[in-house]
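Asks: Residue numbers (this note's numbering), protein chains in the order written: chain S, -6 to 136; chain E, 1038 to 1639. Ideal Cβ positions, reconstructed from N, Cα and C, are used throughout, including at glycine. Since the structure is predicted, the reported quantities are computational estimates derived from the model, not experimental observations.
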């Protein structure tokens, strides 16, 4: 992926976190990856609040990978907050979801996500999806 | 549409019933009125004729008496004396006496009675003195005026001479001993008599008074007739004939009323009366058609009245019936709205009668239906969201297991024994199976929950795509038997049905060579599609079970099957009111035929 751009992963399932990390490794994606466990934590990271009050520990990400299903504050809720915050709304967000439900995907697109990846059951396929996504992101004009 | 037709016919039936009752009523009333009035009209017409006949009889009698009185006063003793003297005298004295007599007769002649001429006839029947000199010497020996006049004062039958009607009235001239010495004959212009018979007051356009007399076997008319003033064309009627019947009765001294044809042959009602002491008869008659014209008018009036009444009845009944059926019509519309799926329909209960009760029952029924519908919708929704949530919640740990097992295998690459690798392989297969099951469950929960738009679908083209996606192996030949219809439907669901049925036929085919055939037939309101194969077939005892969820006839290791496909197909087909079934005797090689119906219009 693009040099220097950091990626924020909002994901509560450690296995899914591992999956992303493994997929990155497999695809030789070396961007620094920050992981938060839910929407509130993600918001705190983005706004340098609480545990992330030191801006050095919470650099502005070039991309957010967002799981829709998380405890406390879910992905859709976070999405809405981020997209209505003038400081944050420019950060591209890619939704990671287990769901192929039209309504979730539709809501995500209405809230201006850059794309979505349905998490396949096998890691192999997930890694493939990340590869495709990486390719797309590298070629596109995303910041 | 059918119910609408029946409701309209109910209105028609009621209107027709009311009109029929009205018709019967007015017909009975009309008939009664008609008969009573007709009888009354006829009776009054007859009474009128009789009254007129009586009046004419009296008037004629008086007129004749006037003539006779005139004759009697002319037969004064001076006339008798002068005639006696004349009869006794010889020439030349006789001429003098004659001239004096004629001169006096001329003086005395009663001009006011329109006395035209006066004659004295001797017993030989010879005119011996006349105011009209032309008449003298004329033999009258055969004339009834002379023969009858010798005995009694006598009115002879009127005669027509040069277009005028005359009447001879004779009176015997008797000497002191009472012996007749001569006969006095006064000739009157009969117009006074004719004024009586010619008076047509109260006789309408065809009525008239006829004066007649019987002469032997014939009836003669004595006064001009209304329809033949000159008597020119009237042959005397034979007394035996039907035509002369009233006059024959009258001349025979009878009075009465009768229906008979008159001299023209026209049917008339005639009242007849005799004129005493003359042998004459008077008949007052009127054409039956005119007398009964009132009856015809009455009939026409009554029929028109009935027509108007029926028309009024229809005009009044039709809107009344409509108003009467209005609440029913409202109910019918409401029923159709409910049938169309609008369960918030209620009808106003405005009456306390049966219709009101029906409306109340209807409202109760719809309320119950709504409750049941809402319950069903709620539990359906709950079930769907349950299936959705469960599938999602099941997928997350499954994904974890899948990933972790893969990574384990990757990380332990080269360190695993053969049987351990096989176990890892089995683990992954089970995970994939579980994933397929959950996907199937999700898809199943979506049917009926997510409504796709209805679009025009060319089934032939759809089948090409489906067969392409099923991707049958080379040894199995899938054919579509044309023609395939084009219809308006949910394309995704129809292709899912075909996908499952064709997919199953291909997947479970034992080989080595196989045929799958897709057909279609028009079954009225629906299309009936079929998917036949020549594979293993399905035993009849399994025909029900295969459509249930998670029921597969194949062991998991044999074929990749979830047991959701046919349940999904059944749910899709039955969700549209269709039917799906399988025909097979379970014999290998004969295969199975799946048939399902699909609405022509959604």
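Classify residue 1596 of chain E as helix, strand or coil using the three-state DSSP reduction.
Replies: Because the pLDDT of residue 1596 of chain E is 45, which lies under 50, any placement of that residue in the model is unreliable, and the number read from its coordinates should be weighed accordingly. Residue 1596 of chain E: coil per DSSP, three-state reduction.
Asks: My guess is that residue 98 of chain S and residue 109 of chain S are in contact by the Cβ rule of under 8 Å, so how many angstroms apart are they, rounded?
Replies: Confirmed, Cβ separation roughly 6 Å.
Asks: Measure the Cβ-Cβ separation of residue 1225 of chain E and residue 1204 of chain E and say whether it is below 8 Å.
Replies: Result yes, Cβ atoms of residue 1225 of chain E and residue 1204 of chain E sit closer than 8 Å.
Asks: For residue 1117 of chain E, name the three-state secondary structure that DSSP assigns.
Replies: Looking at residue 1117 of chain E - three-state DSSP - the assignment turns out to be helix.
Asks: What runs of the alpha helix (DSSP H), each 4 residues or longer, lie entirely inside the region 1233 to 1288 of chain E?
Replies: Whole alpha helix (DSSP H) segments, 4+ residues: 1282 to 1288.
Asks: Beta-carbon within less than 6 Å of residue 1234 of chain E's beta-carbon, same chain only, minus the 5 sequence neighbours each way: which residues are those?
Replies: Cβ neighbours of residue 1234 of chain E beyond the five flanking positions: 1246, 1248 and 1260.
Asks: Can you tell me the Cα-Cα spacing of residue 112 of chain S and residue 1430 of chain E, whole angstroms?
Replies: Computed Cα separation, rounded: 13 Å.
Asks: With DSSP as the reference, identify every bridge partner of residue 1358 of chain E, one or two as the case may be.
Replies: Answer by DSSP bridge pairing: none, since residue 1358 of chain E is not bridged.
Asks: Can you tell me where the alpha helix (DSSP H) holding residue 53 of chain S begins and where it ends?
Replies: Taken as a continuous stretch (DSSP letters only), residue 53 of chain S belongs to no alpha helix (DSSP H), as it is neither H nor E.
Asks: In three-state DSSP terms, what is residue 135 of chain S?
Replies: Interpretation of residue 135 of chain S is limited by its pLDDT of 49, a score under 50 that renders its predicted location unreliable; no figure is taken from the coordinates.
Asks: Buried or exposed for residue 1460 of chain E, please, with buried defined as at least 16 other CB atoms from any protein chain shown within 10 angstroms of its CB.
Replies: Flag for residue 1460 of chain E reads exposed.
Asks: Run down chain E in chain order and give the residues with a C-beta less than 8 Å from the C-beta of residue 91 of chain S.
Replies: Neighbours of residue 91 of chain S on chain E, chain order: 1429, 1432, 1433 and 1436.
Asks: In chain order, which alpha helix (DSSP H) runs of at least 4 residues are fully inside the region 1325 to 1373 of chain E?
Replies: Runs found: 1325 to 1328.
Asks: Quick check on residue 1125 of chain E: buried or exposed, where buried means 16 or more other Cβ atoms within 10 Å of its Cβ?
Replies: Classification for residue 1125 of chain E: exposed.
Asks: Exposed or buried, residue 1402 of chain E, counting other C-beta atoms within 10 Å across all chains shown (16 or more means buried)?
Replies: So residue 1402 of chain E ends up on the exposed side.
Asks: By DSSP, does residue 1219 of chain E sit in helix, in strand, or in coil?
Replies: Reduced to three states, the DSSP call for residue 1219 of chain E is strand.
Asks: Would you kindly work out how many angstroms separate the C-alpha atoms of residue 1406 of chain E and residue 1396 of chain E, rounded to a whole number?
Replies: The alpha-carbon atoms of residue 1406 of chain E and residue 1396 of chain E are separated by roughly 15 Å.
Asks: Could you name the residues of chain E that residue 3 of chain S contacts, counting a contact when the two beta carbons are closer than 8 Å?
Replies: Neighbours of residue 3 of chain S on chain E: none; closest Cβ ~15 Å, over 8 Å.
Asks: Determine whether the Cβ of residue 1439 of chain E lies closer than 8 Å to any Cβ atom of chain S.
Replies: With 8 Å as the cut-off, residue 1439 of chain E counts as an interface residue toward chain S.
Asks: Any Cβ of chain E within less than 8 Å of the Cβ of residue 6 of chain S?
Replies: Residue 6 of chain S counts as touching chain E.
Asks: If you measure from the beta carbon of residue 112 of chain S to each beta carbon in chain E, is any gap under 8 Å?
Replies: Yes, because at least one Cβ of chain E sits closer than 8 Å to the Cβ of residue 112 of chain S.
Asks: Does chain E have any CB closer than 8 Å to the CB of residue 117 of chain S?
Replies: Answer yes: the Cβ-Cβ gap between residue 117 of chain S and chain E drops below 8 Å somewhere.
Asks: What would DSSP say about residue 1070 of chain E, mapped onto helix, strand or coil?
Replies: Residue 1070 of chain E falls in the helix class under three-state DSSP.
Asks: For residue 1478 of chain E, which of E/1501, E/1608 and E/1315 has the nearest alpha-carbon?
Replies: Minimum Cα distance to residue 1478 of chain E is reached at E/1608.
Asks: Any C-beta of chain S sitting closer than 8 Å to the C-beta of residue 1446 of chain E?
Replies: So, not an interface residue.
Asks: In terms of residues, what are the limits of the alpha helix (DSSP H) holding residue 1440 of chain E?
Replies: Unbroken alpha helix (DSSP H) run through residue 1440 of chain E: 1391 to 1448.
Asks: Listed from N- to C-terminal order along the chain, which residues in the region 13 to 29 of chain S have their beta-carbon within a distance smaller than 9 Å of any beta-carbon of chain E?
Replies: The residues in question are 15.
Asks: Could you work out which residue in E/1614, E/1618 and E/1351 is closest to residue 1581 of chain E when comparing CA atoms only?
Replies: If we check each option's Cα against that of residue 1581 of chain E, E/1618 comes out closest.
Asks: Using 8 Å as the threshold, is the C-beta distance between residue 1568 of chain E and residue 1601 of chain E below it?
Replies: Against a cut-off of 8 Å, the Cβ pair of residue 1601 of chain E and residue 1568 of chain E comes out as no contact.
Asks: Would you identify the three-state DSSP class for residue 65 of chain S, choosing helix, strand or coil?
Replies: Reduced to three states, the DSSP call for residue 65 of chain S is coil.
Asks: Which one of E/1219, E/1437 and E/1316 has the shortest CA to CA distance from residue 11 of chain S?
Replies: With distances taken between Cα atoms, residue 11 of chain S lies closest to E/1437.
Asks: Of all the options E/1219, E/1142, E/1435 and E/1470, which has the alpha carbon lying nearest to the alpha carbon of residue 1170 of chain E?
Replies: Nearest option by C-alpha distance: E/1142.
Asks: Residue 1537 of chain E and residue 1606 of chain E - do their beta-carbons sit closer together than 8 Å?
Replies: Contact flag set, yes.
Asks: Quick one, are the C-beta atoms of residue 1166 of chain E and residue 1123 of chain E less than 8 Å apart?
Replies: Taking 8 Å as the Cβ cut-off, residue 1166 of chain E and residue 1123 of chain E qualify as a contacting pair.
Asks: Does the beta-carbon of residue 1434 of chain E have 16 or more other beta-carbons within 10 angstroms, so that it is buried, or is it exposed?
Replies: Result: exposed.
Asks: DSSP three-state label for residue 1575 of chain E, please.
Replies: Correct three-state label for residue 1575 of chain E: coil.
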